[in-house]
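Residue numbers (our numbering): 34 to 327.
Here's the structure we're looking at; comments come further down.
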Ligand code: RIB
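In structure tokens:
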């Protein structure tokens, strides 16, 4: 069984600020870091750090070589990441004194992936392999349809939440990871709805897929058929929440592929993301398996 993450690779520029800048305002930052990120690359890193065999596909410019070097150092196979004559995706991240963030994306290579590259990549994978997708690259619908035709199981984390997710064939998804905002919007419920209710609506609406609803400090909820489970976070000081959801996704998938039960997988994923939140950065904050599984 192989795992293919077809997703975004970004250069994260993180500015530490007192507060998130308001319209028309100019503020100073106290530090700036340039580090590896992108939801796809972060999830590939989490899976690899959790000990899974992972293949990453996506597109970067020459400026993104350090992302490949880092992913390779974690054991991710990056042969299917194509280089093109343009910029790598960029994320401008403001991290405020309450450790809340606000992110502006420039898609770069993430929007330069071609349909041909999608077909070529997916053809290299077999029935029963797993594909992990997010909503930060182009042609996600085409990738899902092509993957389903090839017999791959589909895990989708439709982040970031925007109008595009309404056009995705969510009936093809085997494991759906959503946060409160994405989940509530897909369930067609008003903001701040009770999360167990949101989960029930999602299970009813997408009965073919396992649903994982992540809820920040409130942990995560699982639903499939009549089965329900809940995982709780580990209380650690918060340094930076960037990449917490990606860490959760990677570790939940890894734990399930290691045949752990749903409650065990939720506990593992919650522990991994709690550790990630206690450290600065995205990809580099993701813990290794020995810190999480022991
Ligand atoms: O999920 C965190 C990621 O979102 C960051 O690494 C940034 O690149 C944005 O894509």
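Note that beta-carbon positions come from the ideal geometry of N, C-alpha and C, so glycine has one too.
Among 180, 203 and 181, the one whose alpha carbon lies nearest that of residue 190: The residue you call residue 190 lines up with position 157 of the chain shown. Among 180, 203 and 181, the Cα nearest to that of residue 190 is on 203.
Cβ contact check for the stretch 311 to 318 and the stretch 268 to 276: 3 or more pairs under 8 Å: Yes: the two stretches touch, three or more of their Cβ pairs being nearer than 8 Å.
Cβ contact (3+ pairs, closer than 8 Å) linking the stretch 79 to 86 and the stretch 50 to 59: In this structure the stretch 79 to 86 does not lie against the stretch 50 to 59, because fewer than three pairs of beta carbons, one per stretch, are closer than 8 Å.
Residue ranges of each beta strand (DSSP E) within the stretch 206 to 270, 3 or longer: You should have 208 to 212, 243 to 247, 253 to 257 and 260 to 264.
Cβ neighbours of residue 199 in the same chain (closer than 7 Å, five flanking residues each side left out): Here residue 199 corresponds to residue number 166 of the chain shown, with the count starting at 1. Excluding residues within five positions, none has a Cβ falling inside 7 Å.
Separation of residue 165 from residue 178, as counted between CA atoms: Taking the chain shown and counting its residues from 1, one reaches residue 178 at position 145. Taking the chain shown and counting its residues from 1, one reaches residue 165 at position 132. Straight-line Cα distance between these residues: approximately 13 Å.
Buried/exposed call for residue 184, threshold 16 Cβ in 10 Å: Taking the first residue of the chain shown as position 1, residue 184 is located at position 151. Residue 184 should be labelled exposed.
Alpha-carbon to alpha-carbon, residue 280 and residue 75: Here residue 75 refers to the residue found at position 42 when the chain shown is read from its first residue. Here residue 280 refers to the residue found at position 247 when the chain shown is read from its first residue. Near 7 Å, if we compare the C-alpha coordinates of residue 280 and residue 75.
CB-CB length for residue 301 against residue 293, believed under 8 Å: One-based indexing of the chain shown puts residue 301 at position 268. One-based indexing of the chain shown puts residue 293 at position 260. The Cβ separation is near 7 Å, so the contact holds.
Residue 181 versus residue 37 - alpha carbon distance: The sequence position of residue 181 within the chain shown is 148, counting from 1. The sequence position of residue 37 within the chain shown is 4, counting from 1. Take the alpha-carbon of residue 181 and the one of residue 37: they are about 13 Å apart.
Beta-bridge pairing of residue 45 - partner residues as DSSP gives them: By 1-based counting over the chain shown, the position of residue 45 is 12. For residue 45, the pairing in a beta bridge is given by DSSP as 68 and 124.
C-beta contact flag for residue 132 and residue 272 at 8 Å: Taking the chain shown and counting its residues from 1, the one referred to as residue 132 is at position 99. Taking the chain shown and counting its residues from 1, the one referred to as residue 272 is at position 239. In this structure, residue 272 lies closer than 8 Å to residue 132 by Cβ.
Proximity to residue 266 [Cα-Cα], best of 307, 291 and 240: Locating residue 266 in the chain shown gives position 233, where the first residue counts as 1. The shortest Cα separation from residue 266 among 307, 291 and 240 belongs to 307.
beta-carbon residue 96 near ligand 1 non-hydrogen atom, thresh 7 Å: Translated into positions along the chain shown, residue 96 becomes position 63. For ligand 1, not one heavy atom lies less than 7 Å from the Cβ of residue 96.
Contact between the stretch 64 to 75 and the stretch 168 to 177 (3+ Cβ pairs under 8 Å): A contact between stretches requires three or more CB pairs, one per stretch, nearer than 8 Å, and the stretch 64 to 75 meets this requirement with the stretch 168 to 177.
Residue 318 Cβ short of 7 Å to ligand 1 heavy atom set: Residue numbering aside, residue 318 sits at position 285 when the chain shown is read from its first letter. Not under cutoff, so the answer is no.
Rounded straight-line distance, which links the Cα of residue 327 to that of residue 143: Within the chain shown, residue 143 is the residue found at index 110, counting from 1. Within the chain shown, residue 327 is the residue found at index 294, counting from 1. C-alpha of residue 143 to C-alpha of residue 327: approximately 36 Å in a straight line.
Cβ-heavy atom distance, residue 72 to ligand 1, below 7 Å: Along the chain shown, one-based indexing puts residue 72 at 39. Distances taken from the Cβ of residue 72 to the heavy atoms of ligand 1 include one shorter than 7 Å.
DSSP three-state assignment for residue 322, whether helix, strand or coil: Walking along the chain shown from the start, residue 322 turns up at place 289. Helix, per DSSP.
Residue burial classification, residue 234 (beta-carbon count within 10 angstroms, cutoff 16): Taking the chain shown and counting its residues from 1, the one referred to as residue 234 is at position 201. Flag for residue 234 reads buried.
Distance between residue 299 and residue 217 (C-alpha atoms, nearest Å): Residue numbering aside, residue 217 sits at position 184 when the chain shown is read from its first letter. Residue numbering aside, residue 299 sits at position 266 when the chain shown is read from its first letter. A direct Cα-Cα distance of roughly 20 Å separates residue 217 from residue 299.
CA-to-CA distance, residue 251 to residue 214, given in whole angstroms: Taking the chain shown and counting its residues from 1, one reaches residue 214 at position 181. Taking the chain shown and counting its residues from 1, one reaches residue 251 at position 218. Rounded to whole angstroms, the gap between the alpha carbons of residue 214 and residue 251 is 14 Å.
Under 8 Å between C-beta atoms of residue 93 and residue 138: The count along the chain shown starts at 1 and reaches residue 93 at position 60. The count along the chain shown starts at 1 and reaches residue 138 at position 105. In this structure, residue 138 does not lie closer than 8 Å to residue 93 by Cβ.
Closest Cα partner of residue 239 within the set 268, 270, 207 and 51: Position 206 of the chain shown, counted from the first residue, corresponds to residue 239. Looking at the Cα atoms, 207 is the closest of the given residues.
Distance CB(residue 134)-CB(residue 123) smaller than 8 Å: Against the chain shown, residue 134 aligns to sequence position 101. Against the chain shown, residue 123 aligns to sequence position 90. For the pair residue 134 and residue 123, the CB atoms are not nearer than the 8 Å cut-off.
Cutoff 7 Å; reference residue 224; Cβ partners in own chain excluding five residues on either side: Translated into positions along the chain shown, residue 224 becomes position 191. Here the set comprises 217.
Supposed close pair residue 34, residue 242 - CB separation, criterion 8 Å: What you label residue 34 is simply residue 1 of the chain shown in a count that begins at 1. What you label residue 242 is simply residue 209 of the chain shown in a count that begins at 1. In fact, because the Cβ distance is near 19 Å, the residues do not count as touching under 8 Å.
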